[in-house]
Amino acid sequence: QLSAAVIDINEYTLSDVFLLEDRYVLSLSEKGITCKLVLIDADGKVLTDALYQITDQVQHIQDVANIGEYLYISMYTMPMAEGLDERGYPNIALTQEKVKLWEQRDTLSEKELIECVRKHYTGMLLRCDIKTGEIQSFYSVPGVTADKLEVGEKGELIWYVQSLTEAELLES
Numbered sequence: 762q763l764s765a766a767v768i769d770i771n772e773y774t775l776s777d778v779f780l781l782e783d784r785y786v787l788s789l790s791e792k793g794i795t796c797k798l799v800l801i802d803a804d805g806k807v808l809t810d811a812l813y814q815i816t817d818q819v820q821h822i823q824d825v826a827n828i829g830e831y832l833y834i835s836m837y838t839m840p841m842a843e844g845l846d847e848r849g850y851p852n853i854a855l856t857q858e859k860v861k862l863w864e865q866r867d868t869l870s871e872k873e874l875i876e877c878v879r880k881h882y883t884g885m886l887l888r889c890d891i892k893t894g895e896i897q898s899f900y901s902v903p904g905v906t907a908d909k910l911e912v913g914e915k916g917e918l919i920w921y922v923q924s925l926t927e928a929e930l931l932e933s
């Protein structure tokens with residue numbers, strides 16, 4: 762059964778929606794930075810309205826899962842650089858570094874390029890209280906992007922990450 766409700770998100774933009782059985786997690790962003798998660802029921806009632814921000818990082822949520830009393834969030838982050846781009850969004854450090862790399866393209870090995878790209882990505886797994894949205898714990902893995910979450914046969918959480926093993930410098 763479908764229903765609709767109006768949720769005031771003010772200056773935020775809806776980035777993603779994740780379905781958790783009979784509830785939804787809305788991922789909201791402001792100027793390209795994910796900073797708010799809203800948990801709603803099937804009728805549109807707000808259950809949890811959690812605000813968080815990882816300082817100086819642009820966050821990309823890949824998946825969410827609800828196991829027991831916890832909401833797990835699989836995401837990766839990239840460092841922001843100073844200033845804003847032409848759209849008014851935060852600059853991503855890797856984008857600015859690409860200019861420097863392009864100047865060295867004739868002498869840069871693929872291994873050096875991969876290491877440069879890896880240092881800009883961190884996979885993160887957040888464990889949040891399902892009722893309050895408060896982050897209970899988090900795990901981070903440098904040099905990877907986070908991927909999907911699954912529940913194993915014994916009810917355990919399986920978190921997938923992707924290692925960065927190839928990189929190519931493209932002219933923009």
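When we follow the working numbering, the leftmost residue of the sequence shown carries the number 762, and every step to the right adds one. The C-beta atom is built at its ideal place from N, Cα and C for all residues, glycine as well.
For residue j and residue i, believed in contact at Cβ under 8 Å, the rounded distance
| i | j | result |
| --- | --- | --- |
| Tyr882 | Gly904 | 6 Å |
| Ser898 | Gly884 | 15 Å between Cβ atoms; not a contact. |
| Leu832 | Ile875 | Actually they are not in contact, since the Cβ atoms of Leu832 and Ile875 sit about 33 Å apart, beyond 8 Å. |
Beta carbon of residue i nearer than 8 Å to that of residue j
| i | j | result |
| --- | --- | --- |
| Leu808 | Leu800 | yes |
| Leu780 | Met836 | no |
| Thr838 | Val819 | yes |
| Pro840 | Asp804 | no |
| Leu918 | Ile828 | yes |
| Gly704 | Leu798 | A query on residue 704 cannot be resolved here, the shown segment of the chain reaching from 762 to 933 and no further. |
Those residues which DSSP pairs with residue i across a bridge
| i | result |
| --- | --- |
| Leu925 | None; Leu925 has no bridge partner. |
| Ser835 | Asp824 and Leu886 |
| Asp777 | Ser788 |
ask   = How about the stretch 861–881 and the stretch 775–790: do they share at least three Cβ pairs that are nearer than 8 Å?
value = no
In chain order, which continuous runs of the beta strand (DSSP E) of length 3 or greater are located wholly inside the stretch 860–904? 883–890 and 896–903
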